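S.K.: Residues 0 to 675 in numbering that gives the first Met the number 0 are what the sequence shown spells out, letter by letter.
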Amino acid sequence: MTARVSHVSRVAGNTLGGSTSPYLRQHADNPVHWREWTPEALAEAASRDVPILLSIGYAACHWCHVMAHESFADADVAAVLNDGFVCIKVDREERPDLDAVYMNATVALTGQGGWPMTCFLTPDGRPFFCGTYYPKLGFLQLLDAVAETWRDRRDEVERASDQIATELRKMSAGLPGGGAPVGPVLCDHAVAAVLHDEDETYGGFGGAPKFPPSALLEGLLRHHERTGSAPALAAVQRTCSAMARGGIYDQLAGGFARYSVDPHWVVPHFEKMLYDNALLLRAYAHLARRTGDPLARRIADETAAFIGSDLGADGMFTSSLDADAGGREGLTYVWTPAELRSVLGDDDGAWAASLFGVTERGTFEHGASVLQLHRDPDDVARFESVRAALSAARASRPQPARDDKVVTAWNGLAITALAEASVALERPEYLSAALECARRLLDLHVVDGRLRRASLGGRVGESAAILEDHAALATALLALYQLTGFGLSEAVVLLDTALEHFADPDQPGRWFDTADDAEKLMVRPADPIDGATPSGASLIAEALQGAGYLTGSGRYVDVAQATLSSATPILARAARSGGHWLAVAEAQVCGPIQIAVAGDPSSDLLTAARRLAPGGALVVGGPVDSSELLKDRDRVDGVDAAYVCRGTTCDLPVTTVGDLAVSLGGDPPDGGTGAV
0 MTARVSHVSR
10 VAGNTLGGST
20 SPYLRQHADN
30 PVHWREWTPE
40 ALAEAASRDV
50 PILLSIGYAA
60 CHWCHVMAHE
70 SFADADVAAV
80 LNDGFVCIKV
90 DREERPDLDA
100 VYMNATVALT
110 GQGGWPMTCF
120 LTPDGRPFFC
130 GTYYPKLGFL
140 QLLDAVAETW
150 RDRRDEVERA
160 SDQIATELRK
170 MSAGLPGGGA
180 PVGPVLCDHA
190 VAAVLHDEDE
200 TYGGFGGAPK
210 FPPSALLEGL
220 LRHHERTGSA
230 PALAAVQRTC
240 SAMARGGIYD
250 QLAGGFARYS
260 VDPHWVVPHF
270 EKMLYDNALL
280 LRAYAHLARR
290 TGDPLARRIA
300 DETAAFIGSD
310 LGADGMFTSS
320 LDADAGGREG
330 LTYVWTPAEL
340 RSVLGDDDGA
350 WAASLFGVTE
360 RGTFEHGASV
370 LQLHRDPDDV
380 ARFESVRAAL
390 SAARASRPQP
400 ARDDKVVTAW
410 NGLAITALAE
420 ASVALERPEY
430 LSAALECARR
440 LLDLHVVDGR
450 LRRASLGGRV
460 GESAAILEDH
470 AALATALLAL
480 YQLTGFGLSE
490 AVVLLDTALE
500 HFADPDQPGR
510 WFDTADDAEK
520 LMVRPADPID
530 GATPSGASLI
540 AEALQGAGYL
550 TGSGRYVDVA
560 QATLSSATPI
570 LARAARSGGH
580 WLAVAEAQVC
590 GPIQIAVAGD
600 PSSDLLTAAR
610 RLAPGGALVV
620 GGPVDSSELL
630 KDRDRVDGVD
640 AAYVCRGTTC
650 DLPVTTVGDL
660 AVSLGGDPPD
670 GGTGAV
C-alpha cells in the first residue's frame, strides 16, 4: 500500500483560487494540489513521471459534491493524490471539448458515463482507466492499484492508452458524409419513430431517468404545423402537461429541474440549468401561441420569470442552481404535511397537501414530498395566497448555491427563447431582456475579434468559444434582428468565423466542435448528436439557414443544406437523438418560409405576421429596401403589404390579415372576412 500521512496543510499547491469557474473555486480549499488543465500541468506530470488524475464535473452536480466531501476534502486521500499524481480539475461547462473527449473514453471503457468523471491519463493526455463516482474506500484502493500499475507494469499502461486513443480517433471520424437532402419523407419517418417511443401514459419518451425532450418538442410542433399531425401535437401536449404538473417543475417559483429519476416526473434531480429552462421556454411559448393552452402560457411566463429573477446577473444569465442546499439534495424544495400546516394553518395546510400531492408517506426521502399539481385549483385566489406563503417560508430555508458563470451558448439559447416568447406571449419586456443580454454578451465575450466561452463576475475566461457558442449566439442575434433591426452584422461575423475555423474542409456539411486554431487535444471533437442541448452542428445549421435568406447569401444557404444532409443518418436511425435537427429540417422542408411586410414597422399586418408565422419562419418588416427580404418590395396601392416566400418561390403580396393567414395555409381569423 502507498504510504499515507495523517495531515496535509491547506496547501500552496492548490491553484484553483483564481479560476473563473465556480466549480473549480469550490475545490480551491481542498488539500489536493489541484491544477487547471494547462500545458504546464501536463509538463509537470511528465517531469515527475507520474500519471494524471483528471476529475471533471460541474457546480450543480450532486454526486460531484459527494465525492468532493468524501475524498477531495480528506487529508488521507489528498496525501496519496499529491504524492503519486498530478491532479487536474476541469469544469465540463467551461471546457466542453475536454469533457467530450474523456466522456467518450469513459463510455467506451465502462459502458456508461456521468459526473463526476474520473480519468487516469498518461502525461500526454491519453486515458488508460476511466470511471465516474467512487466512494472514499474504493477510491483509495483504485489509487493504489493505478499507482502500482504505473510503477511496475508501465508497458500495460502504454498498450492500453494507445488502444484507447486509436479507438477514440476512429470514433471522431463522425458520420459518413454526402447524405441525401432532407425532405418530407425523412421528417415523417423521424416523427413516426419518435412517437413510437412515447410514454403515452406519463408523457415523454423512454423510461427513467426521464430528461425533458426540449428540442424534440420544438421539432414535433413544427411537424404539426407543416402536416397537421394530431399525434405529434398530442405527444407535445401530453409531455408538456406532465412535466408542468410534476415534481420536475418548481410549483412555487417556476423553473424546471434537470431530469426526473422516475418515469412519472415526480422526483427530480434538483439542479436547475439555464439551458433546460431556455429550451423549454421556447417550446412552451410556441405551444401557447399555437394552441392558446392556458397551462402552457402560465408555464412559459413563470419559466421566463425564473430565468430573469433566479439566474439573471448584470443583464446576462448565469448557469445553474445547485441540487444541494445545506448539505442535502432537495432540502429547499420538499415538504411534509406537518410543515404545510405549520405555515398555512390546518385548513389551508390540508387543502395544499391534497392539491400538491403531499402525503404522510412522502414521495422523496424521510417522508417528505416534492410538490406536484395534478389539477388546476378551483379557487385561484386561494392558490396564489398559498403559493405566496409557502414561497416566503421556503426562502428562510437553506438555499441552493448558484453557479454564476455566464456561458455564451446557453445565453444564446435564452436570448432566442425570450425574443420568441415576447411575440408568442405579447411580453415586450422579454424582448428588452433579450436585447440587453445580447449587447452585454458581445461587449464582454468578444476579445480581439474572437468569441470566448464564459465569464464570471464581469471577467471573461481564457477558454475559447466552441461551435455551439458561435451558432447559438448567431441564431439569437438573427432572432433579435427580425424584431429590432439589431444583430445581423454581428451574426454574420460569428458565422464567417465558424465557416473559417470549424467547418471540415474535406467533408462538406461536417463540423468540428473546436476551432482549427484551438488547443490540440488527443482527438478533435465533432459530435453531431443532440443531447441535453442541441449539438453545435444542428445549431449552426439553424443559424446558416436563417442567415442565408436574411442576408441573401447563397453560400450560407448551400452550407446549411449540406449540413442538414450530413445529419440524415441521425433522423433516419436515431431520431430521438436529433430533436433540433428535426426542428431545422421541418423549417427547411417548408421552404423555409419568409414573410416580409412592407410598410409601418408597427403595423397590424406585421404584428399578425409574427403571430401567424410557423416555427422556423423568418419575419421582417419596414420600408422598401430596408432589409434583404424587402429589396424592391413596397407597399401596394399605399397599403402595407406582406410578401410570403417559400425558399425562392414567392406568392403575390397580400394586404389583409385574413389573406396572410390563407397564404400561410391557415384559416382567416374571425370567420375570414380578411379585414385587418
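No residue lacks a Cβ here, since even glycine has one placed at the ideal position from N, Cα and C.
Computed from a prediction, not measured in an experiment: that's the story for all the values here.
I need the straight-line Cα distance from V653 to P622, nearest angstrom please.
M.R.: For the purposes of this step, residue 653 is taken as residue 654 along the sequence shown, with counting starting at 1. For the purposes of this step, residue 622 is taken as residue 623 along the sequence shown, with counting starting at 1. Distance between the alpha carbons of V653 and P622 is about 16 Å.
S.K.: In three-state DSSP terms, what is I87?
M.R.: The count along the sequence shown starts at 1 and reaches residue 87 at position 88. Residue state, collapsed to three classes: strand.
S.K.: Can you tell me where the beta strand (DSSP E) with M521 in it begins and where it stops?
M.R.: Locating residue 521 in the sequence shown gives position 522, where the first residue counts as 1. Looking at the DSSP string, M521 is not in any beta strand (DSSP E), and its letter there is neither H nor E.
S.K.: Quick one: using the 10 Å Cβ neighbour count with 16 as the cut-off for buried, is H373 buried or exposed?
M.R.: In the sequence shown, residue 373 corresponds to position 374, counting from 1. Classification for H373: exposed.
S.K.: Give the secondary structure of F128 by DSSP, where H, G and I count as helix, E and B as strand, and everything else as coil.
M.R.: As a position in the sequence shown, residue 128 is number 129, starting the count at 1. In this structure, F128 counts as strand in the three-state DSSP scheme.
S.K.: Is the Cβ-Cβ distance between T689 and A367 less than 8 Å?
M.R.: Nothing about residue 689 can be reported from this structure: the residues present for the chain run from 0 to 675 only.
S.K.: Where do the ends of the beta strand (DSSP E) carrying R645 lie?
M.R.: Sequence index remark: in the sequence shown, residue 645 carries index 646 (1-based). Unbroken beta strand (DSSP E) run through R645: A640 to R645.
S.K.: Helix, strand or coil: how does DSSP classify E677 here?
M.R.: Because residue 677 is not part of the residues shown, which for the chain are 0 to 675, the question remains open.
S.K.: Answer with buried or exposed for E93, where buried requires no fewer than 16 other C-beta atoms within 10 angstroms of its C-beta.
M.R.: The residue labelled residue 93 in the question sits at position 94 within the sequence shown. Label assigned to E93: buried.
S.K.: By the three-class DSSP mapping on this structure, what secondary structure does S308 have?
M.R.: Here the question's residue 308 lines up with position 309 in the sequence shown. S308: helix per DSSP, three-state reduction.
S.K.: Per the contact definition of three or more C-beta pairs closer than 8 Å, is the segment 205-218 in contact with the segment 255-271?
M.R.: Segments in contact, yes.
S.K.: Tell me which residues share the same chain as R396 and place their Cβ nearer than 8 Å to its Cβ, disregarding the 5 neighbours each side in the sequence.
M.R.: On the sequence shown, position 397 is the one that residue 396 refers to. Answer for R396: A324, G325, L330 and T331, listed in chain order.
S.K.: The alpha helix (DSSP H) spanning F382 covers which residue range?
M.R.: By 1-based counting over the sequence shown, the position of residue 382 is 383. F382 -> alpha helix (DSSP H) spans V379 to R393.
S.K.: Can you tell me whether DSSP reads P267 as helix, strand or coil?
M.R.: Counting from one through the sequence shown, the residue named residue 267 turns up at place 268. Reduced to three states, the DSSP call for P267 is strand.
S.K.: Between which two residues does the alpha helix (DSSP H) holding F138 run?
M.R.: Position 139 of the sequence shown, counted from the start, is the residue given in the question as residue 138. That run of the alpha helix (DSSP H) goes K135 to D151.
S.K.: Within 10 angstroms of its Cβ, does F511 collect 16 or more other Cβ (buried), or is it exposed?
M.R.: Looking up residue 511 in the sequence shown gives position 512. F511 comes out buried.
S.K.: To which residues of the same chain is A189 closer than 6 Å at the C-beta, ignoring the five residues directly before and after it?
M.R.: Reading the sequence shown from its first residue, position 190 is the one you call residue 189. Taken in chain order, the residues that qualify are L570, A574 and L581.
S.K.: Using 8 Å as the threshold, is the C-beta distance between T676 and I539 below it?
M.R.: With the chain covering 0 to 675 only, the question about residue 676 has no answer from this structure.
S.K.: How would you label P293, buried or exposed, when you count the other beta carbons within 10 angstroms and need 16 or more for buried?
M.R.: Within the sequence shown, residue 293 is the residue found at index 294, counting from 1. Exposed is the call here.
S.K.: When burial is assigned at 16 or more other CB atoms within 10 Å of the CB, is Q140 buried or exposed?
M.R.: In the sequence shown, residue 140 corresponds to position 141, counting from 1. It is exposed - the Cβ of Q140 has fewer than 16 other Cβ atoms within 10 Å.
S.K.: Does S160 pass the burial test, meaning 16 or more other C-beta atoms within 10 Å, or should it be called exposed?
M.R.: What you label residue 160 is simply residue 161 of the sequence shown in a count that begins at 1. Buried is the call here.
S.K.: Just the Cα atoms here: how many angstroms apart are D442 and L487?
M.R.: Counting from one through the sequence shown, the residue named residue 442 turns up at place 443. Counting from one through the sequence shown, the residue named residue 487 turns up at place 488. D442 and L487: Cα-Cα distance of roughly 16 Å.
S.K.: Check this for me: beta carbons of D321 and P267, under 8 Å apart or not?
M.R.: Residue 321 sits at position 322 when you count from the first residue of the sequence shown. Residue 267 sits at position 268 when you count from the first residue of the sequence shown. Against a cut-off of 8 Å, the Cβ pair of P267 and D321 comes out as no contact.
S.K.: For G307, tell me which candidate among I414, E383 and S384 has the shortest Cα-Cα distance.
M.R.: As a first step, residue 307 must be located in the sequence shown, where it is residue number 308. Per the Cα distances, I414.
S.K.: Considering only the beta carbon of each residue, do L370 and V379 sit closer than 8 Å?
M.R.: For the purposes of this step, residue 370 is identified with residue 371 of the sequence shown, where counting begins at 1. For the purposes of this step, residue 379 is identified with residue 380 of the sequence shown, where counting begins at 1. Result no, Cβ atoms of L370 and V379 do not sit closer than 8 Å.
S.K.: Which residues in the same chain as T37 place their Cβ atom closer than 7 Å to its Cβ, once the five residues preceding and following it in sequence are excluded?
M.R.: Start at 1 with the first residue of the sequence shown, and residue 37 comes out as number 38. Hits under 7 Å: none found.
S.K.: Return helix, strand or coil for V31, following the three-state DSSP convention.
M.R.: Sequence index remark: in the sequence shown, residue 31 carries index 32 (1-based). Note: V31 maps to coil in three-state DSSP.
S.K.: Could you compute how far the alpha carbon of V422 sits from the alpha carbon of F382?
M.R.: As a working mapping, residue 422 is identified with position 423 in the sequence shown. As a working mapping, residue 382 is identified with position 383 in the sequence shown. Spanning the two alpha carbons is a distance of roughly 28 Å.
S.K.: May I have the straight-line CA-CA distance separating V491 from L450, to the nearest angstrom?
M.R.: Residue mapping note: residue 491 aligns to position 492 of the sequence shown, counting from 1. Residue mapping note: residue 450 aligns to position 451 of the sequence shown, counting from 1. So the alpha carbons of these two residues sit roughly 13 Å apart.
S.K.: Just how far apart, CA to CA, sit D515 and V265?
M.R.: Position 516 of the sequence shown, counting from 1, holds the residue named residue 515. Position 266 of the sequence shown, counting from 1, holds the residue named residue 265. Answer to the nearest angstrom: the Cα atoms are 44 Å apart.
S.K.: Looking only at its chain, what residues have a beta carbon closer than 7 Å to the beta carbon of W128, apart from the 5 residues adjacent to it on each side?
M.R.: If you number the sequence shown from 1, residue 128 lands on position 129. According to the sequence shown, residue 128 is Phe rather than Trp. Taken in chain order, the residues that qualify are F119 and V145.
S.K.: Straight-line CA distance for A608 to L232?
M.R.: By 1-based counting over the sequence shown, the position of residue 608 is 609. By 1-based counting over the sequence shown, the position of residue 232 is 233. In a straight line, the C-alpha of A608 is about 22 Å away from that of L232.
S.K.: To the nearest whole angstrom, what separates the beta carbons of D634 and A597, a pair I think is in contact under 8 Å?
M.R.: As a working note, residue 634 is residue 635 in the sequence shown. As a working note, residue 597 is residue 598 in the sequence shown. Residue identity differs from the one stated: residue 634 is Arg in this sequence, not Asp. Rounded, the Cβ-Cβ distance is 5 Å, consistent with contact.
S.K.: Does V661 come out as helix, strand or coil in the three-state DSSP assignment?
M.R.: Here residue 661 refers to the residue found at position 662 when the sequence shown is read from its first residue. It is helical.
S.K.: Let me check understanding here. Comparing Cα to Cα, which of A453, S228, D639 and G457 lies closest to D468?
M.R.: Position 469 of the sequence shown holds residue 468. Considering only alpha carbons, the answer is A453.
S.K.: Could you pull out every residue in the same chain whose Cβ sits closer than 8 Å to the Cβ of R24, ignoring the five residues on either side in sequence?
M.R.: As a position in the sequence shown, residue 24 is number 25, starting the count at 1. These residues qualify, in order along the chain: L15, G16 and S18.
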